[in-house]
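*Asks:*
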Amino acid sequence: MKKTSICANGTAIKLYEYVEDFYLVSKPANTALKQLRKGLPTWVSSNTYHKMNISLWIYDDTAVNAFSCHYNQKHYIALSIGLLSAFWEEANNFINQENLSLIFHLSENKKSHYINFLYFYMLNFTVAHEFGHIVHGHLTGKKNGHYIEELLRITTDTNSEERKCQNWLTQLKEYDADSFAASIQTILFLQSWSDDTKINLASFDLMFITNYLCFRIFAEKTGRNFDEYLTKDIDEYDHPHPGIRMYYSFIHYFYWIGKFHEFNQDTIDILISGSDIVTRYEHIVLQKKALQKCYYSIAFTEKGAQHLMNLHNGWENLVEYYRHHSYIPIEKMEQINEMPILNFYKAHIKESTENER
Ligand SMILES: [Zn+2]
Numbered sequence: 003m004k005k006t007s008i009c010a011n012g013t014a015i016k017l018y019e020y021v022e023d024f025y026l027v028s029k030p031a032n033t034a035l036k037q038l039r040k041g042l043p044t045w046v047s048s049n050t051y052h053k054m055n056i057s058l059w060i061y062d063d064t065a066v067n068a069f070s071c072h073y074n075q076k077h078y079i080a081l082s083i084g085l086l087s088a089f090w091e092e093a094n095n096f097i098n099q100e101n102l103s104l105i106f107h108l109s110e111n112k113k114s115h116y117i118n119f120l121y122f123y124m125l126n127f128t129v130a131h132e133f134g135h136i137v138h139g140h141l142t143g144k145k146n147g148h149y150i151e152e153l154l155r156i157t158t159d160t161n162s163e164e165r166k167c168q169n170w171l172t173q174l175k176e177y178d179a180d181s182f183a184a185s186i187q188t189i190l191f192l193q194s195w196s197d198d199t200k201i202n203l204a205s206f207d208l209m210f211i212t213n214y215l216c217f218r219i220f221a222e223k224t225g226r227n228f229d230e231y232l233t234k235d236i237d238e239y240d241h242p243h244p245g246i247r248m249y250y251s252f253i254h255y256f257y258w259i260g261k262f263h264e265f266n267q268d269t270i271d272i273l274i275s276g277s278d279i280v281t282r283y284e285h286i287v288l289q290k291k292a293l294q295k296c297y298y299s300i301a302f303t304e305k306g307a308q309h310l311m312n313l314h315n316g317w318e319n320l321v322e323y324y325r326h327h328s329y330i331p332i333e334k335m336e337q338i339n340e341m342p343i344l345n346f347y348k349a350h351i352k353e354s355t356e357n358e359r
């Protein structure tokens, strides 16, 4: 097994190619790691991949974390054992929960297949997110450190305005890395495209649920508390609220599926189905009735729409800067001043809540 040591964020970290056998998660994690390493070089041209000098590792830490780092002219993506274990536990708990049959009909003998599917997609999204930080130049340039991690680090040495400014810059980079990851997930989804619409709907539903589970774990297990999201300023947080991450992922999936496939009714139906399953999961399976408790629905409020617009517009203002550090072209888009999807969603949530009664 390959091993190496790097200095990341001022600390020496030992990196390993695979998880040692004595960890419970070693078998599924090592199978997934092998598959992920095969995918990595296909995400950009071979010339760009070579220039990026990138490799994927794991490290021995029980905290749920992942990071990307630039060290000695090389790029590293690393996943903690804590993250590999938390995702495995979440995939198992999700598929085996009793009430899931209220929204999903899974045959008993296919359960392990679905668990592996969710696990792989969760890890693939995370690795693609870290890859996004690197490929779009978030780690280089004056504005940046050489290290980005997903764990929350409380800093006490900055004043509140400075901290909010740093938080906002971090949120914008997270937004952009999530967008890149959505493009990679879309390619995977389209590779398994079927002539049977039902199969496409079901595989998108699972993939969209994967995002939900990822963002929930990142919110709940990395030390962030979004309970007061509705009353706090959006730049009080260093990562976007999980529902906001779902909301813009919804739009990014629509954009990428439309761009790589087609902007037609099929694409709209796929998106609506995925969105519907997450709404129904929170309302029916988890029985979350209060809006504040629903990560997904809370994003479709005026605050959520405003937050999303600020992220989109804020990132567009930075595109010019990051273009100078990016390994691939970054698309520049128009500024937006309204979110028309909001009203559609209000009606959609109302309808799905009424259907439960
Ligand atoms: Zn990130």
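All you need for the numbering used here is the position in the sequence shown, starting with 1, plus 2.
A virtual CB, placed ideally from N, CA and C, is assigned to each residue, including glycine.
With distances taken between CB atoms, is the gap from Ser70 to Tyr149 smaller than 9 angstroms?
*Replies:* Indexing the sequence shown from 1 puts residue 70 at position 68. Indexing the sequence shown from 1 puts residue 149 at position 147. A contact, by the Cβ cut-off of 9 angstroms.
*Asks:* In angstroms, rounded to a whole number, what distance separates the CA positions of Arg39 and Ile270?
*Replies:* On the sequence shown, position 37 is the one that residue 39 refers to. On the sequence shown, position 268 is the one that residue 270 refers to. Approximately 32 angstroms between the Cα atoms of the pair.
*Asks:* Tell me which residues share the same chain as Ile236 and place their Cβ nearer than 6 angstroms to its Cβ, disregarding the 5 neighbours each side in the sequence.
*Replies:* Residue mapping note: residue 236 aligns to position 234 of the sequence shown, counting from 1. Contacts found: His309.
*Asks:* Measuring only from the beta carbon, is His148 closer than 8 angstroms to any heavy atom that is part of ligand 1?
*Replies:* Within the sequence shown, residue 148 is the residue found at index 146, counting from 1. It does not: the Cβ of His148 is nowhere closer than 8 angstroms to a heavy atom of ligand 1.
*Asks:* If you drop the 5 nearest sequence neighbours on each side, which residues of the same chain put their C-beta closer than 6 angstroms to that of Ile259?
*Replies:* Here residue 259 corresponds to residue number 257 of the sequence shown, with the count starting at 1. Cβ neighbours of Ile259 beyond the five flanking positions: Thr188, Thr269.
*Asks:* Using only the alpha-carbon positions, how far apart do Gln99 and Phe210 sit?
*Replies:* Translated into the one-based positions of the sequence shown, residue 99 becomes position 97. Translated into the one-based positions of the sequence shown, residue 210 becomes position 208. Straight across, the Cα-Cα distance linking Gln99 with Phe210 is about 18 angstroms.
*Asks:* If you draw a straight line from the alpha carbon of Asn111 to that of Tyr324, how long is it in whole angstroms?
*Replies:* As a working note, residue 111 is residue 109 in the sequence shown. As a working note, residue 324 is residue 322 in the sequence shown. Near 48 angstroms, if we compare the C-alpha coordinates of Tyr324 and Asn111.
*Asks:* Do Phe122 and Ala34 have their beta-carbon atoms positioned less than 9 angstroms apart in this structure?
*Replies:* As a working note, residue 34 is residue 32 in the sequence shown. As a working note, residue 122 is residue 120 in the sequence shown. Contact flag set, yes.
*Asks:* For His72, write down the residues that DSSP places opposite it in a beta bridge.
*Replies:* The count along the sequence shown starts at 1 and reaches residue 72 at position 70. BP columns for His72 point to His77.
*Asks:* Within 8 angstroms: the Cβ of Ala184 and any heavy atom of ligand 1?
*Replies:* Sequence index remark: in the sequence shown, residue 184 carries index 182 (1-based). Incorrect: Ala184 has no Cβ contact closer than 8 angstroms to ligand 1.
*Asks:* If you draw a straight line from the C-alpha of Leu125 to the C-alpha of Asp207, how long is it?
*Replies:* Numbered from its first residue, the sequence shown carries residue 125 at position 123. Numbered from its first residue, the sequence shown carries residue 207 at position 205. So the alpha carbons of these two residues sit roughly 17 angstroms apart.
*Asks:* What is the rounded straight-line gap between the Cα of Tyr51 and the Cα of Gly41?
*Replies:* Taking the sequence shown and counting its residues from 1, the one referred to as residue 51 is at position 49. Taking the sequence shown and counting its residues from 1, the one referred to as residue 41 is at position 39. Approximately 12 angstroms, taken between the alpha carbons.
*Asks:* Per DSSP, what kind of secondary structure is Ala179 in: helix, strand or coil?
*Replies:* In the sequence shown, the residue the question calls residue 179 occupies position 177. Residue state, collapsed to three classes: helix.
*Asks:* Just how far apart, CA to CA, sit Gly143 and Arg247?
*Replies:* Along the sequence shown, one-based indexing puts residue 143 at 141. Along the sequence shown, one-based indexing puts residue 247 at 245. One C-alpha to the other measures close to 26 angstroms.
*Asks:* Roughly how many angstroms separate the alpha carbons of Trp59 and Leu293, rounded to a whole number?
*Replies:* For the purposes of this step, residue 59 is identified with residue 57 of the sequence shown, where counting begins at 1. For the purposes of this step, residue 293 is identified with residue 291 of the sequence shown, where counting begins at 1. Going from the Cα of Trp59 to the Cα of Leu293 covers about 39 angstroms.
*Asks:* Can you find the residues in the same chain that come closer than 7 angstroms, C-beta to C-beta, to Ile117, ignoring five residues on each side of it along the sequence?
*Replies:* Residue numbering aside, residue 117 sits at position 115 when the sequence shown is read from its first letter. When the five nearest sequence neighbours on each side are left out, the beta carbons in the same chain lying within less than 7 angstroms of the beta carbon of Ile117 are those of Ala93, Asn94, Ile97, in order along the chain.
*Asks:* Helix, strand or coil for Ser328 per DSSP?
*Replies:* As a position in the sequence shown, residue 328 is number 326, starting the count at 1. Coil, per DSSP.
*Asks:* So which of Ala31, Leu17, Asp278, Phe256 has the shortest CA-CA distance to Phe119?
*Replies:* Within the sequence shown, residue 119 is the residue found at index 117, counting from 1. When only C-alpha atoms are compared, the closest one is Ala31.
*Asks:* For Gly276, which residues in the same chain have their Cβ closer than 7 angstroms to its Cβ, ignoring the five residues on either side in sequence?
*Replies:* Counting from one through the sequence shown, the residue named residue 276 turns up at place 274. Around Gly276: Phe206, Asp207, Phe210.
*Asks:* According to DSSP, is Cys9 part of a helix, a strand, or is it coil?
*Replies:* Locating residue 9 in the sequence shown gives position 7, where the first residue counts as 1. The answer is strand: DSSP assigns Cys9 an E or B state.
*Asks:* In the DSSP output, which residue or residues are listed as bridge partners for Glu151?
*Replies:* Start at 1 with the first residue of the sequence shown, and residue 151 comes out as number 149. DSSP, once it has assigned bridges, lists Phe69 as partnering Glu151.
*Asks:* For a test of your reading of the model: does the CB of Asn176 fall under 8 angstroms from any non-hydrogen atom of ligand 1? Yes or no.
*Replies:* Start at 1 with the first residue of the sequence shown, and residue 176 comes out as number 174. In the sequence as displayed, the identity of residue 176 is Glu instead of Asn. At least one heavy atom of ligand 1 is nearer than 8 angstroms to the Cβ of Glu176, so yes.
*Asks:* Taking only heavy atoms of ligand 1 into account, decide whether any of them is closer than 8 angstroms to the Cβ of His138.
*Replies:* Working through the sequence shown from its first residue, we reach residue 138 at position 136. No; taking the cut-off as 8 angstroms, the Cβ of His138 has no heavy atom of ligand 1 nearer than that.
*Asks:* Whole angstroms are fine: how far does the CA of Ala80 sit from the CA of Met54?
*Replies:* Within the sequence shown, residue 54 is the residue found at index 52, counting from 1. Within the sequence shown, residue 80 is the residue found at index 78, counting from 1. Roughly 15 angstroms separates the two Cα atoms.
*Asks:* Please list, in chain order, all residues of the same chain as Glu238 whose beta carbon is under 8 angstroms from its beta carbon, the five residues on each side excluded.
*Replies:* Translated into positions along the sequence shown, residue 238 becomes position 236. Correct list, in chain order: Lys166, Asn169.
*Asks:* Check whether the region 131 to 143 touches the region 190 to 202, taking contact to mean three or more Cβ pairs, one atom from each stretch, closer than 8 angstroms.
*Replies:* no
*Asks:* With a threshold of 8 angstroms, establish whether the CB of Ala221 neighbours any heavy atom of ligand 1.
*Replies:* Position 219 of the sequence shown, counted from the first residue, corresponds to residue 221. Not under cutoff, so the answer is no.
*Asks:* Going by the C-beta, is Ala179 closer than 8 angstroms to any heavy atom of ligand 1?
*Replies:* The residue labelled residue 179 in the question sits at position 177 within the sequence shown. Yes, the Cβ of Ala179 comes within 8 angstroms of a heavy atom of ligand 1.
*Asks:* Mapping DSSP to helix, strand and coil, what is Lys200?
*Replies:* Taking the first residue of the sequence shown as 1, we reach residue 200 at position 198. Helix.
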